[in-house]
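A short write-up of the structure that comes next.
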Amino acid sequence: MRSGPRRWARACLPLSMLALAACGSGEPQSSPTPEVGSATSIDGELGDSAGARSGEDPSGVSRDGTDTRGDGDIGESAGAAASGGQAGQGEEGAAVWPVDDVVGAVPRSAPSGQGKGAVSVVTYDARPAGEYADAVRDAAASWNDRVRNVRLRPASDGAKADIRITVVKGWPGADPAGANLGRGTVEIGREALRQGYAPARVVAHELGHLLGLEDKQPGSCSSVMSGKSPGTRCTNSAPSGAEVRQVEANFGADG
483 MRSGPRRWAR ACLPLSMLAL AACGSGEPQS SPTPEVGSAT SIDGELGDSA GARSGEDPSG
543 VSRDGTDTRG DGDIGESAGA AASGGQAGQG EEGAAVWPVD DVVGAVPRSA PSGQGKGAVS
603 VVTYDARPAG EYADAVRDAA ASWNDRVRNV RLRPASDGAK ADIRITVVKG WPGADPAGAN
663 LGRGTVEIGR EALRQGYAPA RVVAHELGHL LGLEDKQPGS CSSVMSGKSP GTRCTNSAPS
723 GAEVRQVEAN FGADG
């Protein structure tokens, strides 16, 4: 009985070896390795679209310090638009003169020995104004026609004028000679005239400073102390009622 199982085992051994040969070596089949860089992964596409490419920082500056946002033209033009264009632009697109056109402080002191209600005579020299002498006369007349106790008159030949009126290349201005009213220099700025501002209005405005008036900007065209704010279309050189009353009070007029 024992010899039976051995014979059965010997008979089965060739069969098992044959089965192994039919099944192959038993080593797993490996899939082909894809070539590096042959395809772009989804993660890679998302990274590129977010600006995180190799060697580049999302802030726009590469890791080696190179700016990857261009030469800055777009940023500069956007900045100009955000600020309303070039700084200091007027209605014609050109730069406007400074807001403060007075050197030092506006004068406040009435002429010494001036009695209350008396008329103060303030002389001016328009010869340095050259071709704008007519504008000076018109501006002086605008004040004389309205203010009761002040008279602006041309200085006599050889006499020193209280106010000297000159022409400069830059912007208009007033340079008071100390704290006394009606003393100093008026500068007619060619830059403002070139832009189209009326010469007589420019002179009347600067004379107003020497008569003790501050700027009233922005303001309406009816005010000479509104200066440039109404634009070049405003040619009025006559002071408003409030400006007239203030000058009269500055020079000691009765209320």
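Those letters in the sequence shown? Residues 483 to 737, per the working numbering, in order.
C-beta: ideal position from N, C-alpha, C; glycine also.
Residue i, enclosing alpha helix (DSSP H) - first and last residue
i: residue 701; result: Segment: none, residue 701 is in no alpha helix (DSSP H) and carries neither H nor E.
i: residue 619; result: 615 to 626
Own chain, CB closer than 6 Å to residue i, minus 5 neighbours either side, in chain order
i: residue 541; result: Low local confidence applies: a pLDDT of 40 at residue 541 is under 50, so the model's placement there is unreliable, and no value is given.
i: residue 615; result: 608
i: residue 716; result: 703
Through-space distance from residue j to residue i, alpha-carbon basis
i: residue 617; j: residue 732; result: 25 Å
i: residue 549; j: residue 720; result: With a pLDDT of 38 at residue 549, under the threshold of 50, the predicted position of this residue should be treated as unreliable, though the coordinate-derived value follows. Roughly 58 Å separates the two Cα atoms.
i: residue 580; j: residue 613; result: 24 Å
i: residue 604; j: residue 677; result: 30 Å
i: residue 670; j: residue 622; result: 14 Å
i: residue 688; j: residue 654; result: 8 Å
i: residue 724; j: residue 639; result: 34 Å
i: residue 718; j: residue 685; result: 11 Å
i: residue 642; j: residue 664; result: 13 Å
i: residue 582; j: residue 600; result: 32 Å
i: residue 625; j: residue 633; result: 8 Å
i: residue 630; j: residue 734; result: 11 Å
i: residue 700; j: residue 708; result: 6 Å
i: residue 697; j: residue 656; result: 12 Å
i: residue 652; j: residue 606; result: 21 Å
i: residue 722; j: residue 637; result: 26 Å
Beta-carbon spacing of residue i, residue j below 8 Å
i: residue 672; j: residue 649; result: yes
i: residue 647; j: residue 611; result: yes
i: residue 662; j: residue 593; result: yes
i: residue 729; j: residue 692; result: no
i: residue 726; j: residue 628; result: yes
i: residue 620; j: residue 674; result: no
Continuous beta strand (DSSP E) stretch holding residue i: start and end
i: residue 592; result: Per DSSP, residue 592 belongs to no beta strand (DSSP E) and is neither H nor E.
i: residue 719; result: Taken as a continuous stretch (DSSP letters only), residue 719 belongs to no beta strand (DSSP E), as it is neither H nor E.
i: residue 607; result: 602 to 607
i: residue 636; result: 632 to 636
Residue i: CB within 7 Å of a non-hydrogen atom of the ligand FAD
i: residue 670; result: As far as ligands go, the structure on display features none, and thus does not contain the ligand FAD.
7 Å Cβ shell around residue i - same chain, five flanking residues per side excluded
i: residue 679; result: 710 and 714
8 Å Cβ shell around residue i - same chain, five flanking residues per side excluded
i: residue 658; result: 584, 585, 586, 587, 588, 589, 665, 666, 691 and 692
Quiz prompt | Unbroken stretches of the beta strand (DSSP E), 3 residues or longer, contained in the segment 642 to 704 | solution = Within the segment 642 to 704, the runs of beta strand (DSSP E) that reach at least 3 residues and sit entirely inside it are, in chain order, 645 to 650, 655 to 658 and 666 to 671.
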